[in-house]
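Data block below; observations after.
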């Protein structure tokens, strides 16, 4: 990794409506999306063609046709791709809010995905009959994505629900089979229809920062809110998003600051306080450390790093 | 129709948990479910084998393999079936609440189904490729219905969403094609992704009675609540559930009274007031008219009519 991280945090963005979206389906063959980054939504990827390697936090694994992977919000990831055998992938993006809002159609898969279990891998290799099914589901989803009526929209979301639930079942059952020990409790629980898991506190921690970045939050506040010790919370952040809590909080605040720098004329000092920094000087120090330039320079350059 | 209607109002009921359910999928070959009745949930039916005729309110149509039909809450319906070529049908039941609660996975199809348009038929004949798709979807749904893990439950519901949205699209497009006039506004609106229809007031009227049967409600109250004239509301009830408002309200109240008569030891006079009748004498008169016996007799006989 280069010394200065080429780190950018994106939202799901629709180029037609020019608005952030809650959900998207894409088909990518363009490697410009593959460099190191993180974003505030969940991303699923399914490889149709080609070869590569994906890196999420500290985990790396090969990509080949039939590979399905999930990147959780704020996880740092990149793809190394083969020039000889370039990748074609379907990419599904679902906003953090959509997974956690009971009124969202995706809430039920949110309950599954956001209960963190470190024994369950973020990827699964579909093969044989299972791969045929997954190929077909994505092909159908893509057809409906390109139709513009309300029924197609519902059918598309239903397909995504099915795809994600099927993936999550396969990887959980594989994790139970592969381990020497008995099935992880999460699998034992989930295979019983009656005991639907409640969203675990773990990803709720990340969501809390995602929502309250502009408040005065620190490990003590989180500890009180979630009834977990500060040191345990600190470890969890490292596992979940690959940064310690303070770095992560600063990165989320900087994301919002950058977007305000580029989209408004607000004074930099106001922006610093608006996104949650306690003083302009702290903001200036953190900004320079992460971006390699001052906020004023960033604004003048139109965001180019 | 016989003089005394063999009318019963059912809930979705699970014989294992002994509790009312929000959703069920069944496969029926037993004609005892086909006699005249109504229930407080939405029912979808898909014919796999056999022949018959379904009657909903005042509409009748033939059943053959590939027929998909929908019965809305409280609509009176029955099936005449062929003895030579008996029916095999899939039946999906979804509670009224599930279609109207924003937190339900079925809310999105509720928005579609509950906007009443009298030009759109309650049935559609699937044929050719479309029928192959529907056959496959129901077969897959049935497989997942018989699996007992949380993922299967999500996939099943996703399939039902897909099935219902696909049916509703087909019948709306057919209604637009068949008519001489331009496409009904509902189809024009719905084929635009941006203009998702809001639940129309029409089925909300029925839902209002379904929820508030034990309150002091009449056409004046509904008129004030929904900003529609009492006479128009009266016509709507006739169209939607096939009874005038007062008969319908009495039937809903009687349903609850019967269930209290059989499941509790409460005095009949208490039950009469509890379900919304203004006096015991009104209750007694209405009960006798609908059931052909007194409430005391009904309780003694254990409900047998």
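Chains as they are written, first to last, in the working numbering: chain A, 1 to 305; chain B, 1001 to 1305.
The beta carbon of each residue, even a glycine, is placed where N, CA and C say it ideally should be.
Remember, predicted model here, so these are calculated numbers, not experimental data.
*asked:* Just to confirm the assignment, what range does the alpha helix (DSSP H) spanning residue 288 of chain A have?
replied: Unbroken alpha helix (DSSP H) run through residue 288 of chain A: 280–291.
*Which residues, in order along the segment 1105–1117 of chain B, keep a beta-carbon less than 8 Å from a beta-carbon of chain A?*
Cβ contacts with chain A: 1105, 1107, 1108, 1109 and 1112.
*Who are the Cβ neighbours of residue 1034 of chain B in its own chain at under 7 Å, not counting the five residues just before and after it?*
The answer, listed in chain order, is 1078, 1079 and 1081.
*Completely contained alpha helix (DSSP H) runs for the segment 103–169 of chain A, where each covers 4 or more residues*: Runs found: 107–113 and 128–145.
*Candidates B:1064, B:1118 and B:1266: closest to residue 1238 of chain B by CA position*: For residue 1238 of chain B, the closest of B:1064, B:1118 and B:1266 by C-alpha to C-alpha distance is B:1118.
*Report the residues of the segment 140–153 of chain A with a CB closer than 7 Å to any CB of chain B, ordered along the chain.*
Contacts with chain B (Cβ-Cβ distance below 7 Å) from the segment 140–153 of chain A involve 148, 149, 150, 151 and 153, listed in chain order.
*For the segment 160–174 of chain A, which residues have a CB atom closer than 7 Å to at least one CB atom of chain B, in sequence order?*
Cβ contacts with chain B: 161, 162, 165, 166, 168 and 169.
*Step through the CB atoms of chain A and report whether any lies within less than 9 Å of the CB of residue 1176 of chain B.*
Chain A, which has no Cβ nearer than 9 Å to the Cβ of residue 1176 of chain B, makes this no.
_Assuming residue 214 of chain A and residue 251 of chain A are in contact, meaning their beta carbons sit under 8 Å apart, how far apart are those beta carbons, in whole angstroms?_
Actually they are not in contact, since the Cβ atoms of residue 214 of chain A and residue 251 of chain A sit about 14 Å apart, beyond 8 Å.
*asked:* Quick check: the segment 241–261 of chain A against the segment 203–210 of chain A, are at least 3 beta-carbon pairs closer than 8 Å?
replied: Judged by pairs of C-beta atoms under 8 Å, the segment 203–210 of chain A touches the segment 241–261 of chain A, as three or more such pairs exist.
*Keeping to the same chain, check which residues put their C-beta closer than 8 Å to that of residue 288 of chain A; ignore five residues upstream and five downstream.*
Non-local beta-carbon contacts of residue 288 of chain A in its own chain, meaning distances under 8 Å to residues more than five positions away in sequence, involve 294 in chain order.
*Any residues in the segment 1084–1108 of chain B with a beta carbon nearer than 8 Å to a beta carbon of chain A? Which ones, in chain order?*
Flagged, chain order: 1102, 1103, 1105, 1107 and 1108.
*Indicate the three-state DSSP secondary structure (helix, strand or coil) for residue 1025 of chain B in the structure shown.*
Under the three-state reduction of DSSP, residue 1025 of chain B is assigned to strand.
*By the criterion of Cβ-Cβ separation under 8 Å, what are the contact partners of residue 158 of chain A in chain B?*
Within chain B, the residues placing a beta-carbon under 8 Å from that of residue 158 of chain A are 1158, 1159, 1161, 1162 and 1165, ordered along the chain.
_Distance, residue 1151 of chain B Cα to residue 1248 of chain B Cα_ = One Cα belongs to residue 1248 of chain B, the other to residue 1151 of chain B, and the distance between them is close to 40 Å.
*asked:* Please report the distance separating the alpha-carbon of residue 270 of chain A from that of residue 281 of chain A.
replied: C-alpha separation (whole angstroms): 12 Å.
_Residue of B:1062, B:1258, B:1041 and B:1066 minimising C-alpha distance to residue 1048 of chain B_ = Residue B:1066 is the option with its Cα nearest to residue 1048 of chain B.
*Any 3 or more C-beta pairs closer than 8 Å across the segment 1096–1103 of chain B and the segment 1149–1167 of chain B*: Contact between the segment 1096–1103 of chain B and the segment 1149–1167 of chain B is not established, with fewer than three Cβ pairs separated by less than 8 Å.
_Length of the line joining the Cα atoms of residue 1174 of chain B and residue 1084 of chain B_ = Cα to Cα, residue 1174 of chain B sits roughly 31 Å from residue 1084 of chain B.
*Comparing the C-beta of residue 70 of chain A with each C-beta of chain B, is any distance below 9 Å?*
For residue 70 of chain A, the answer is no, since every Cβ of chain B falls outside 9 Å of its Cβ.
*asked:* For residue 1261 of chain B and residue 1161 of chain B, what's the separation of their Cα atoms in angstroms?
replied: Residue 1261 of chain B and residue 1161 of chain B: Cα-Cα distance of roughly 37 Å.
*Report the neighbours of residue 1155 of chain B on chain A: residues whose CB is nearer than 9 Å to its CB, in chain order.*
Chain A residues near residue 1155 of chain B: 161, 162, 165, 166 and 169.
*residue 78 of chain A bridges to which residues according to DSSP?*
Bridge partners of residue 78 of chain A: A:55.
*asked:* Using the three-state DSSP reduction, which class does residue 11 of chain A fall into: helix, strand or coil?
replied: When secondary structure is reduced to three states using DSSP, residue 11 of chain A falls in the coil class, being assigned neither helix nor strand.
*Go to residue 1232 of chain B, then tell me how far its alpha helix (DSSP H) extends in each direction, as first and last residue.*
Going by DSSP, residue 1232 of chain B is part of the alpha helix (DSSP H) stretching over 1230–1241.
*Would residue 1292 of chain B be called buried (16 or more neighbouring beta carbons within 10 Å of its own) or exposed?*
The residue in question, residue 1292 of chain B, is exposed, as its Cβ has fewer than 16 Cβ neighbours within 10 Å.
*Sort B:1157, B:1124 and B:1129 by Cα distance to residue 1140 of chain B and report the nearest one.*
Minimum Cα distance to residue 1140 of chain B is reached at B:1157.
*asked:* Which same chain residues end up closer than 6 Å to residue 1283 of chain B when comparing Cβ atoms and leaving out the 5 residues on each side of it in sequence?
replied: These residues qualify, in order along the chain: 1272 and 1277.
*Counting along the chain, where does the beta strand (DSSP E) carrying residue 67 of chain A start and finish?*
Looking at the DSSP string, the run of the beta strand (DSSP E) that includes residue 67 of chain A is 67–71.
*With residue 274 of chain A as the anchor, note down where its alpha helix (DSSP H) starts and where it stops.*
Annotation for residue 274 of chain A: the continuous alpha helix (DSSP H) segment containing it runs 268–274.
*May I ask you to report which of helix, strand or coil DSSP gives residue 1300 of chain B?*
Of the three classes helix, strand and coil, the one that applies to residue 1300 of chain B here is helix, per DSSP.
*Cut-off 6 Å between Cβ atoms - residues of its own chain near residue 90 of chain A, not counting five sequence neighbours on either side*: Scanning its chain for C-beta atoms nearer than 6 Å, with the 5 sequence neighbours on each side dropped, one finds around residue 90 of chain A the residues 27, 46 and 138, in chain order.
*Skipping 5 residues on each side, what residues in its chain have a beta carbon closer than 7 Å to that of residue 297 of chain A?*
Excluding residues within five positions, none has a Cβ falling inside 7 Å.
_Nearest residue (CA-CA) to residue 1290 of chain B, options B:1268, B:1168, B:1258 and B:1300_ = Ranking B:1268, B:1168, B:1258 and B:1300 by Cα distance to residue 1290 of chain B puts B:1258 first.
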